[in-house]
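Here the structure is laid out as structure tokens; the discussion comes afterwards.
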Amino acid sequence: MAKKIYLYGNWKMNNTYSETEKFFVDFAPAYEPFRNDKNLEVGIFAPFTSLWPLSQGAKKSGIVFGAQNVYYEAKGAFTGEISIPMLKEYGVTHIIIGHSERRHIFGEPDEMIAKKVKAVLDAGMTPVLCYGETLEERESGNTFTVMERQLKSAISGLTPDEVKKIIYAYEPVWAIGTGKTATPDQAEEVCKWSRELIGQPEAVILYGGSVKGSNAKELLSMKDIDGALVGGASLKPAPFLEIYTAYRE
Ligand code: PGA
Numbered sequence: 281m282a283k284k285i286y287l288y289g290n291w292k293m294n295n296t297y298s299e300t301e302k303f304f305v306d307f308a309p310a311y312e313p314f315r316n317d318k319n320l321e322v323g324i325f326a327p328f329t330s331l332w333p334l335s336q337g338a339k340k341s342g343i344v345f346g347a348q349n350v351y352y353e354a355k356g357a358f359t360g361e362i363s364i365p366m367l368k369e370y371g372v373t374h375i376i377i378g379h380s381e382r383r384h385i386f387g388e389p390d391e392m393i394a395k396k397v398k399a400v401l402d403a404g405m406t407p408v409l410c411y412g413e414t415l416e417e418r419e420s421g422n423t424f425t426v427m428e429r430q431l432k433s434a435i436s437g438l439t440p441d442e443v444k445k446i447i448y449a450y451e452p453v454w455a456i457g458t459g460k461t462a463t464p465d466q467a468e469e470v471c472k473w474s475r476e477l478i479g480q481p482e483a484v485i486l487y488g489g490s491v492k493g494s495n496a497k498e499l500l501s502m503k504d505i506d507g508a509l510v511g512g513a514s515l516k517p518a519p520f521l522e523i524y525t526a527y528r529e
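Using the numbering used here, you'd call the opening residue of the sequence shown number 281 and step up by one each time.
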């Protein structure tokens with residue numbers, strides 16, 4: 281049986297409210313042929329201000345949708361933050377946590393990421409936990425030390441059931457938005473290693489970093505890669521869905 285592929289789009293700080301509405305004008309018919317494909321789960325993660333049109337479009341097409349960040353407290357004096365109950369009212373079920381841009385541009389530490397993961401799980405939602413090494417860390421031979429720290433910090437204290445509910449996304453920082461992709465072997469090596477570290481053979485593990493139609497087949501065919509977290513190529517329906525069609529060809 282063919283494996284199930286998770287095709288998740290991370291729009292980052294792109295696609296305004298009206299651009300999101302326009303996205304779905306094209307996405308709805310383009311996605312129709314895939315709608316009943318049990319081996320495909322499509323998800324889109326938009327900026328907070330685009331969550332309403334995203335929720336409307338996603339519900340019509342029957343895809344998963346979510347946010348790119350959240351704060352772990354439910355309410356209070358946290359200027360500029362968004363809470364889990366706020367997102368729940370929009371029907372959000374999935375939230376990206378610990379993306380490398382949050383870690384490196386906004387300085388989110390492992391402890392904060394762990395609290396966010398726990399809060400999302402406590403709310404019955406799915407965290408999409410990102411982790412991965414920088415170029416410097418890879419070149420100095422620290423790839424696995426860094427990732428072990430990131431992963432262990434996020435999952436320690438969780439029950440095995442909770443650990444299984446997280447969707448993991450290995451995203452080498454040097455491959456994000458750079459056009460450089462990890463080779464299928466490099467990506468597979470880390471995803472396989474992660475599965476062992478997590479201790480849950482059935483955990484869903486995605487690869488992210490410059491995934492597009494032209495490299496999708498070789499990456500998604502690897503045994504321990506369950507799907508892709510896609511940035512640039514997810515902003516328009518055609519290149520986004522092409523990732524899955526390229527894999528299936
Ligand atoms: P990219 O981004 O596909 O543009 O490299 C991936 C990500 O950061 O999730």
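Idealized CB from N, CA, C, for every residue including glycine.
Using 8 Å as the threshold, is the C-beta distance between residue i and residue j below it?
i	j	result
residue 388	residue 378	yes
residue 540	residue 520	Lying before the first or after the last residue shown, residue 540 is absent from the chain, which here runs from 281 to 529.
residue 323	residue 374	yes
residue 485	residue 474	yes
residue 493	residue 523	yes
residue 354	residue 363	yes
residue 471	residue 505	yes
residue 525	residue 495	no
residue 308	residue 352	no
residue 330	residue 297	yes
Between the options, which lies nearest to residue i when the distance is taken from Cα to Cα?
i	options	result
residue 527	507, 511, 517, 512	507
residue 407	416, 449, 382	449
residue 503	478, 509, 468	468
residue 344	352, 419, 384, 335	335
residue 368	475, 401, 341, 382	401
residue 285	509, 432, 517, 403	509
residue 454	348, 372, 423, 434	423
residue 427	460, 383, 459, 398	383
residue 416	472, 302, 452	452
residue 411	419, 460, 431	431
residue 478	436, 333, 414	436
residue 372	442, 360, 349, 380	349
What is the C-beta distance between residue i and residue j, in whole angstroms, given that I count them as a contact (C-beta under 8 Å)?
i	j	result
residue 295	residue 515	7 Å
residue 518	residue 310	7 Å
residue 333	residue 301	5 Å
residue 337	residue 304	3 Å
residue 394	residue 433	5 Å
Run through the region 431-465 for me and flag every whole alpha helix (DSSP H) of 4 or more residues, listed as ranges in chain order.
440-445
What are the uninterrupted segments assigned as beta strand (DSSP E) that are 3 or more residues long and contained completely in the region 369-400, given in chain order?
374-377
Whole runs of the beta strand (DSSP E) within the region 287-326, excluding any shorter than 3 residues
320-326
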